[in-house]
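Have a look at the structure below before the remarks.
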Amino acid sequence: MAKKIPIRQCAACREHREKPSLARIVRTPDGQITYDPRGKVSGRGAYICKRLSCLEKAIKTKALSRALECAISDEVYTQLRSMMEEDDDADG
Ligand SMILES: [Zn+2]
C-alpha cells in the first residue's frame, strides 16, 4: 500500500517529477518570496528540480518570477543554490 507521491512540474525544464525531488518556492499571502524546504508554507507555490542546471535556467528565463507573478530576489536564488550544491549528488 504505497502512498501516492504527488507529481509537480518543474518551472524551468517542464518535466514532471515526484514532489520530494523538487524545491518549492512560495509567494506568501503578504507578498514575500521564500524557499520552502519543508513544503509547509502557505501561499502560491512554484517548483523546480533540485538541480543546479534547472536553477540556472530558471534564473535566466525568469521562470519562477513568471510562475509566481512576482520578482524573485537574489537572496532566494542564493538560498536555493546553496541547498542544491549540498544536495547535488543525487542525480545530474
Ligand atoms: Zn527541472
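The sequence shown begins at 117 in this note's numbering and counts up by one.
The beta carbon of each residue, even a glycine, is placed where N, CA and C say it ideally should be.
For LEU171, the closest C-alpha among the options PRO153, THR150, CYS186 and THR194 is that of THR194. Between ALA127 and the set MET200, ARG167, VAL192 and LEU180, the nearest pair of CA atoms involves LEU180. When DSSP states are grouped into helix, strand and coil, GLU185 belongs to the coil group. Taking every residue with its beta carbon within less than 5 Å of a heavy atom belonging to ligand 1 gives, in chain order, CYS126, ALA128, CYS129, CYS165 and CYS170.
In the same chain as ALA187, and ignoring 5 residues on each side of it, the C-beta atoms closer than 7 Å to its own belong to SER181, in chain order.
Residue pairing for ARG130: DSSP places it in no beta bridge. Of all alpha-carbon atoms in LYS119, ILE141 and LYS173, the one lying nearest the alpha-carbon of GLU191 is that of ILE141. An exposed status is given to ALA118, since fewer than 16 other beta-carbon atoms sit within 10 Å of its beta-carbon. Residue state for ALA174 is assigned as helix, using DSSP reduced to three classes.
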